[in-house]
Amino acid sequence: MFPDPTALYTERLARYNAAQERLEQHSRRVGNLNLFLLLVAFAVLALAAFRSDSWLVALAVLLFVIFVGGLVMHHRVNRKLQTVSLRAGLNRDGLARLARDWKALPAPLTESSSAPTPVGAIDPATAADLDLTGYASLAQLLGTPHTPIGKRTVQRWILTPASPATVRARQQSCAELAPQIDFREEVGVRGRLLESDEERYAQFVAWAEGERWLHAHRHWLWVARLLPLAVLSLFVALLVGYPVLAPLLGLLLINLFVLQSVGRKVGDAISRVAAQQGVFASYADLFDLFTAHPVQAAGLRQLQERLTADQRSAARQVRDLARWMPLVDIRRSIYFFPIEVATLWSFHVLWLLERWQRSAGAHVREWLEALGEAEALLALATLKFEQPAWVFPDLQAEGGETLAAQALAHPLLPAGRAVGNDVEVGPPGSYLLVTGSNMSGKSTLLRALGVNVVLAQMGAPVCAAALTLPRLAVISSMRVQDSLAAGVSFYMAELRRLKEIVDRADAQQAQGGPLLLYLLDEILQGTNTAERQIAARHIISHLVGRGAIGAVSTHDLTLADAPELKRAARQVYFTEHFTRGADGPTMTFDYKLRPGIAVSTNALKLMELVGLPVNDASEPLSADA
């Protein structure tokens, strides 16, 4: 049994805040002491110069040495302070997730217009309907990864349903990682220390997999090896007295010519790597953390195996690359030019980098993708820890045709506001018809169905007491908008969206694959009642006839009476409780699902509730009205 997540996060946050305050005080004391030592050292040095006292000079040197030691200590204290601050932030984020305080959480990942849409992925309209990405979304709730690849992996898992076998493997990994609070926190800290954005990640992968310029132009490598040897030989000969100054200068001019000819290409190749050097150590730390962690689940063991290539760990090989970075940094020195002219230094550095590129470059993408998947699994594990009452669903590999849930609620609502309901959708040839008054919970139920199906098919726990479902492809029409720029009315936009859903159902029946789950919320609101009823009946009849399953919410109670749909409909409804008291009218909702058709409406009651004038239906409107 997990500890209470709210109590745990609160306790750890208080502990880290106290430690942060202590370290801040320590940092200030060490900083002030260093400043005092520096001033005293300069004063002693000045006094030593005035008195010509060697003992004072020695004392000043000693003070400077102590000052340097103080700087090292100050750096270590500030490093600890940074780590503690990050730990406090992680626990603060945990409390924000529990409260669904979206403003306090890290901003969600922005959509990448250039990223290809995976086959079988949820379309953007459905993702917007169900709040899968963007602000106050499922992606933000699962936004614990901190590397670019980790964030993209979570988003890909949300939008791309996994196979039942993959789902079961992720569930096992998630269950194992959920109670490992300290490990998940350590990964979070290392991830936040990683100074890498998505562009730098892509550039590093592109370099690792790209062309090796010096390897493709090996003659320049031999030139870079032989010319510096000749320069060194002539320089030694000059030192011992041989008259070789002219040949030496001639060779240096040849080196200058080489640098002018191809030096820019060599420098550019090195710069592409040097720009990423800040992330090497951090990536290595994360690789080490995952590969050294003891695991049992088969999926986690496979991830660890992917972080090894040619019997060498990814962490070790990335650190090997980082080892060459000081040689790169020399190029930034103001004294580098004569070194470059004499030795063709950049050529030798590029040869070392390309040697690493040849041995490890082909594995970089695999390492980083494995890292992203590990972070995504930790995100699912964090969700399971924070929601211990949520369960892992039973995703049927074959034979299933019905979604059946107990106490299903909306995952994006805080625990105190989420109301669970027993729901059943399917089998093919039927649909769920949800009626009820305004604000009663119809749209929330449809979104709860969709988001929980998404969670189920990515391997995460679901907001329910139990959930059994077949493989499903989710599509919806809930937040259709008109477009003034495109000259598309609301009704036309709605028709186009419904056409996409109908086409998807036709294709699904013709091609096979996962069962289609459609979610339709108050469809065809943009036209008159008579035509809306006829059109809605035709669309739902078509979807039912194509073997799709779905849920339809509507205010239109006559939709339930259509003869061609009545036999296929499983009818449920929400209702409200309206009272008139001494303080005025009040309306409450219990958001509990009931079998049958709604027996009341509340549009006029809501008008009365907000203070709008409402005439009794039996009274004619006055001429002034």
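First residue of the sequence shown: 1029, per this note's numbering; consecutive thereafter.
Backbone N, C-alpha and C define an ideal beta-carbon position, used for all residues, glycine too.
Cut-off 6 Å between Cβ atoms - residues of its own chain near residue i, not counting five sequence neighbours on either side
i: Leu1158; result: Arg1475, Gly1478, Val1479
i: Ala1297; result: Trp1241, Leu1378
i: Ala1265; result: Val1272
i: Leu1621; result: Asn1449, Val1600
i: Ala1513; result: Note that Ala1513 has pLDDT 45, beneath the 50 cutoff, so the model's placement of it is unreliable and no number is given.
i: Leu1170; result: Val1182, Ala1407
i: Ala1535; result: none
i: Ser1511; result: Reliability of the predicted coordinates at Ser1511 is poor, the pLDDT of 48 falling under 50, and the value obtained from them is presented with this limitation in mind. Result list for Ser1511: empty, nothing under 6 Å.
Inter-residue CB distance, residue i and residue j (contact presumed, cutoff 8 Å)
i: Arg1218; j: Leu1314; result: 5 Å
i: Arg1499; j: Leu1543; result: 7 Å
i: Gly1602; j: Gly1444; result: The amino acid at residue 1602 is misidentified as Gly; the sequence shows Phe. Between Gly1444 and Phe1602 the Cβ distance is about 19 Å, and since that is not below 8 Å, they are no contact.
i: Ile1177; j: Leu1396; result: 5 Å
i: Val1419; j: Ala1337; result: That pair is no contact at about 38 Å.
i: Cys1202; j: Leu1408; result: 4 Å
i: Val1502; j: Val1530; result: With a Cβ gap of about 16 Å, Val1502 and Val1530 do not count as contacting.
i: Gln1332; j: Thr1319; result: 5 Å
i: Val1114; j: Tyr1037; result: A quick correction: the sequence has Leu, not Val, at residue 1114. No, Leu1114 and Tyr1037 are not in contact; Cβ-Cβ is about 15 Å, not under 8 Å.
i: Ala1564; j: Leu1587; result: 6 Å
i: Tyr1459; j: Ile1562; result: The Cβ separation is near 18 Å, so there is no contact.
Contacts around residue i, its chain only, beta-carbon distance under 7 Å, and the 5 residues preceding and following it disregarded
i: Ala1155; result: Thr1161, Leu1187
i: Ala1167; result: Pro1136, Leu1137, Leu1160, Thr1161, Val1182, Gln1183, Ile1186
i: Pro1648; result: Any reading at Pro1648 is ruled out, since the residue's pLDDT is 47, under 50, leaving its predicted position unreliable.
i: Leu1075; result: Leu1084
i: Leu1284; result: Val1369
i: Ser1141; result: With a pLDDT of 45 at Ser1141, under the threshold of 50, the predicted position of this residue should be treated as unreliable, and no value is reported.
i: Tyr1163; result: Trp1130, Pro1136
i: Ile1094; result: Leu1065
i: Thr1410; result: Thr1172, Arg1212
i: Leu1133; result: Asp1121, Ala1124, Arg1125, Gln1168, Gly1171
Residues near residue i in its chain [Cβ-Cβ closer than 8 Å; skip 5 each side]
i: Glu1522; result: Ser1505, Val1508, Ile1551, Leu1552, Gln1553, Gly1554
i: Lys1293; result: Trp1241
i: Pro1192; result: Leu1423, Gln1424, Ala1425, Arg1499
i: Pro1173; result: Lys1179, Thr1181, Val1182, Gly1219, Gly1400, Glu1403, Ala1404, Leu1406, Ala1407
Selected residue, minimal CA-CA separation from residue i, among the options
i: Trp1248; options: Val1272, Leu1287, Leu1273, Leu1262; result: Leu1287
i: Asp1032; options: Phe1413, Arg1128, Val1294; result: Phe1413
i: Glu1237; options: Pro1421, Glu1429, Ser1387; result: Ser1387
i: Leu1279; options: Ala1258, Leu1267, Val1290, Ala1265; result: Ala1258
i: Gly1059; options: Ala1069, Val1068, His1102, Leu1073; result: His1102
i: Thr1430; options: Gly1578, Leu1408, Pro1442; result: Gly1578
i: Asp1357; options: Gly1295, Val1251, Ala1432; result: Gly1295
i: Gly1428; options: Ala1407, Leu1441, Pro1439, Pro1455; result: Pro1455
i: Ala1197; options: Leu1587, His1605, Ala1488; result: Ala1488
i: Ala1098; options: Ala1398, Leu1090, Leu1061; result: Looking at the sequence itself, residue 1098 is Gly, so the reference to Ala does not match. Taking only the C-alpha atoms, the option nearest Gly1098 is Leu1061.
i: Leu1034; options: Leu1281, Val1572, Ala1071, Arg1128; result: According to the sequence as given, residue 1034 is Thr; it is not Leu. The shortest C-alpha separation from Thr1034 is found at Arg1128.
i: Ala1432; options: Gln1485, Gly1400, Leu1497, Ala1404; result: Leu1497
i: Ser1055; options: Val1100, Pro1591, Leu1091; result: Val1100
i: Leu1328; options: Glu1213, Glu1204, Arg1228; result: Glu1204
i: Thr1655; options: Leu1222, Gln1330, Val1233, Leu1051; result: Any property of residue 1655 remains undetermined from this structure, which presents the chain solely from 1029 to 1653.
DSSP bridge partner residues for residue i (one or two, in chain order)
i: His1605; result: Thr1616
i: Ser1581; result: Val1462, Asp1549
i: Arg1622; result: Tyr1601
i: Glu1452; result: Ala1432
i: Val1490; result: Val1419
i: Ser1289; result: DSSP, once it has assigned bridges, lists no residue as partnering Ser1289.
i: Arg1056; result: DSSP lists no partner for Arg1056.
i: Gln1424; result: Pro1498
i: Thr1336; result: Ser1341
i: Ser1468; result: Paired residues: none, contrary to the question.
Exposure of residue i, with buried meaning 16 or more beta-carbon neighbours within 10 Å
i: Trp1373; result: buried
i: Ser1310; result: buried
i: Gly1515; result: Since pLDDT at Gly1515 reaches only 46, below the 50 mark, its modelled position is unreliable, and the value read off the structure follows with that caveat. So Gly1515 counts as exposed.
i: Thr1616; result: exposed
i: Glu1299; result: Note that residue 1299 corresponds to Ser in the displayed sequence, not to Glu. So Ser1299 counts as exposed.
i: Ser1468; result: buried
i: Glu1382; result: buried
i: Arg1595; result: exposed
i: Tyr1270; result: exposed
i: Glu1604; result: buried
i: Thr1614; result: exposed
i: Asp1589; result: exposed
i: Ser1165; result: buried
i: Trp1235; result: buried
i: Gln1324; result: exposed
i: Arg1050; result: exposed
Test: residue i CB closer than 7 Å to a CB of chain C
i: Ser1080; result: Protein chain content of the structure displayed is limited to a single chain, and chain C is not contained in it.
Contact test: residue i Cβ vs the ligand SAH heavy atom, cutoff 6 Å
i: Thr1161; result: Within the structure as shown, the ligand SAH is missing, as the structure has no ligands at all.
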